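See structure below.
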Amino acid sequence: YDTKQQWFKDAKYGLFMHWGLYALLAGEYKGEKTDRIAEWIMNYLNIPVEEYRKLAKEFNPQNFDADEIVRRAKEDWGMKYLVFTSKHHEGFAMFKSETTPYNSVDASPCHRDFVKELADACHKYDMKFGLYYSQAQDWDDPDGFMQTKENSHKNFQRYLDEKCKPQLREILTQYGEIALLWFDTPMGITKQQTQELIDLVKSLQPNCIISGRAGNHMGDYMTTGDNFIPRLPYEGDWEVPATLNDTWGFNKYDHNWKKADDIIRLLLKINSRGGNYLLNIGPDADGNVPKESIEILNEVGKYVKENAEA
Ligand code: JFZ
Numbered sequence: 297y298d299t300k301q302q303w304f305k306d307a308k309y310g311l312f313m314h315w316g317l318y319a320l321l322a323g324e325y326k327g328e329k330t331d332r333i334a335e336w337i338m339n340y341l342n343i344p345v346e347e348y349r350k351l352a353k354e355f356n357p358q359n360f361d362a363d364e365i366v367r368r369a370k371e372d373w374g375m376k377y378l379v380f381t382s383k384h385h386e387g388f389a390m391f392k393s394e395t396t397p398y399n400s401v402d403a404s405p406c407h408r409d410f411v412k413e414l415a416d417a418c419h420k421y422d423m424k425f426g427l428y429y430s431q432a433q434d435w436d437d438p439d440g441f442m443q444t445k446e447n448s449h450k451n452f453q454r455y456l457d458e459k460c461k462p463q464l465r466e467i468l469t470q471y472g473e474i475a476l477l478w479f480d481t482p483m484g485i486t487k488q489q490t491q492e493l494i495d496l497v498k499s500l501q502p503n504c505i506i507s508g509r510a511g512n513h514m515g516d517y518m519t520t521g522d523n524f525i526p527r528l529p530y531e532g533d534w535e536v537p538a539t540l541n542d543t544w545g546f547n548k549y550d551h552n553w554k555k556a557d558d559i560i561r562l563l564l565k566i567n568s569r570g571g572n573y574l575l576n577i578g579p580d581a582d583g584n585v586p587k588e589s590i591e592i593l594n595e596v597g598k599y600v601k602e603n604a605e606a
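For our numbering, count along the sequence shown from 1 and bump the result up by 296.
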């Protein structure tokens, strides 16, 4: 695996951000809790599409400040890139989309384009900007993949042609440089379909790096499992996506925070073997980054700034 992008080989440390409508539920729906990853709540608790969609009408994150988050990541935490969930498995677009009105500008009272806000901040602070896009799982589209739904992805190619590709085109043409496209959970996608998506990305942004989970081992680098670190010095580019507690999306019941010292140790271990550490935050429904996340990242950042940065 070779991304051919020096910035990625040098990056070492980046910020992952999982944020979507699931933040409104924060791990609980109608009194029922999930102690598993909170961005999967629609699936875990079998919330019907029509019900889940209503969340969009409540989404008004007054405290979300892209500039502040990116400034912290760059200046306080020593991170070199950001990856943001433009659309997670729930299917809701966190950007203005002409493809479907189910997006944060058209379906929510805030009328805000969060990809735009983050893109502007990243370009301002010279942070590489990447986008997560769930290419296979889409629990809102009848033809998107959902493991537990009978008859899901019946016409997966229609979903790809009518939602996935048009939205990829949108995020790759409207926000300046997209340094990385973070595809994920390539369930039920063929080699040819994966190739079509990669070709589309590269035709619009030739230098855009494709994550290891594009499908069929066709990404530009290796993405490991959460907190999994390959044993040998691995030849090639790789990245470890990881959480600070036990969830990616905000879960109000998850207080199992890692210690800053443990994060520092992991960062050094990953970097010494040549990998990048992509560490996650999950803002709440008002747009606040959990204070525990900020405390841990500040402490790690202090170490990075004093010892590890060139
Ligand atoms: C996936 C998503 O389902 C999850 O919601 C989150 O976005 C995470 C970053 O990615 O979950 C995975 C996918 C693959 C592995 C672990 C979690 N893996 O290969 O170990």
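Beta carbons: idealized from backbone N, C-alpha and C, even for Gly.
Predicted model, so just to flag it, every value in this text is computed and none were measured.
Distance between residue j and residue i (C-alpha atoms, nearest Å)
| i | j | result |
| --- | --- | --- |
| Glu595 | Glu602 | 11 Å |
| Met313 | Cys418 | 13 Å |
| Asn399 | Lys487 | 29 Å |
| Gly511 | Leu477 | 13 Å |
| Gln431 | Lys450 | 15 Å |
| Glu324 | Asn339 | 12 Å |
| Ala307 | Asn567 | 9 Å |
| Lys412 | Gln302 | 25 Å |
| Asp409 | Asp363 | 14 Å |
| Phe304 | Glu535 | 10 Å |
| His384 | Trp315 | 8 Å |
| Tyr429 | Arg454 | 17 Å |
| Ile343 | Ala352 | 14 Å |
| Pro397 | Ala403 | 6 Å |
| Asp542 | Thr395 | 33 Å |
| Lys424 | Val401 | 24 Å |
| Tyr471 | Ala322 | 29 Å |
| Met442 | Phe452 | 11 Å |
| Ile337 | Thr330 | 7 Å |
Distance cut-off 7 Å: residue i Cβ against heavy atoms of the ligand JFZ
| i | result |
| --- | --- |
| Thr481 | yes |
| His314 | yes |
| Trp544 | yes |
| Pro526 | no |
| Gly521 | yes |
| Ile566 | no |
| Pro579 | no |
| Pro537 | yes |
| Trp553 | no |
| His449 | no |
| Ile333 | yes |
| His513 | no |
| Trp336 | yes |
| His385 | yes |
Whole-angstrom C-beta distance between residue j and residue i, which should lie under 8 Å
| i | j | result |
| --- | --- | --- |
| Asp592 | Lys554 | Looking at the sequence shown, residue 592 is not Asp but Ile. Indeed they touch by this definition, with Cβ atoms about 7 Å apart. |
| Ser382 | Met375 | Not confirmed; about 19 Å, so no contact. |
| Val600 | Ile365 | About 17 Å separates the two Cβ atoms, so there is no contact after all. |
| Gln433 | Thr481 | 5 Å |
| Gly426 | Tyr377 | 6 Å |
| Ala538 | Asp516 | That pair is no contact at about 20 Å. |
| Leu456 | Gln501 | Leu456 to Gln501, Cβ: 19 Å. No contact. |
| Phe360 | Leu317 | Contact flag wrong, Cβ pair sits at about 14 Å. |
| Gln358 | Asp580 | Their Cβ separation, rounded to whole angstroms, is 11 Å, which puts Gln358 and Asp580 out of contact at 8 Å. |
| Tyr309 | Leu563 | 6 Å |
| Trp544 | Glu335 | 5 Å |
| Gly484 | Tyr297 | Gly484 to Tyr297, Cβ: 23 Å. No contact. |
| Met507 | Phe524 | Reading off the sequence, residue 507 comes out as Ser, not Met. About 15 Å separates the two Cβ atoms, so there is no contact after all. |
| Leu311 | Ile577 | 7 Å |
Identity of the residue in the options nearest residue i by Cα
| i | options | result |
| --- | --- | --- |
| Ser393 | Cys460, Pro438, Gly583 and Pro526 | Cys460 |
| Arg367 | Asp416, Gly327 and Leu493 | Asp416 |
| Arg509 | Lys598, Glu354, Thr519 and Gly323 | Thr519 |
| Leu464 | Arg454, Ala307 and Leu496 | Leu496 |
| Pro526 | Asp409, Tyr429 and Lys565 | Lys565 |
| Tyr348 | Ile560, Asp557, Ala319 and Gln358 | Ala319 |
| Leu540 | Glu371, Ile505 and Ile590 | Ile590 |
| Trp435 | Ser448, Lys424 and Tyr428 | Ser448 |
| Tyr421 | Arg454, Ile505, Tyr429 and Asp372 | Asp372 |
| Glu588 | Asp557, His551 and Tyr573 | His551 |
| Ala272 | Arg332, Arg561 and Phe524 | Given a span of 297 to 606 for the chain in the structure shown, any question on residue 272 remains unanswerable. |
| Arg569 | Tyr530, Ile559 and Gly472 | Tyr530 |
| Asn572 | Pro462, Val379, Gln470 and Asp542 | Val379 |
| Phe546 | Lys326, Glu328 and Arg332 | Arg332 |
Min CB distance residue i to chain C below 8 Å
| i | result |
| --- | --- |
| Ile467 | In the structure shown, chain C cannot be found, because there is only a single protein chain. |
Notebook entry, point to check: At what residue ranges does the stretch 534-604 contain a whole run of the alpha helix (DSSP H), taking only runs of 4 or more?
Noted result: The DSSP assignment places complete alpha helix (DSSP H) segments of no fewer than 4 residues inside the stretch 534-604 at 556-568 and 587-599, in order along the chain.
Check: Considering only residues of the stretch 449-533, which uninterrupted beta strand (DSSP E) runs meet the minimum length of 3 residues and lie entirely inside it, listed in chain order?
Finding: Complete beta strand (DSSP E) runs here, min 3: 476-478.
Next item on the list: Output the residue ranges of the beta strand (DSSP E) runs that lie fully inside the stretch 351-416 and measure 3 residues or longer, sorted by chain position.
Entry: Runs found: 377-383.
Check: Which residue spans inside the stretch 305-338 form an unbroken alpha helix (DSSP H) run of at least 4?
Finding: Segments of the alpha helix (DSSP H) lying fully in the stretch 305-338: 318-321.
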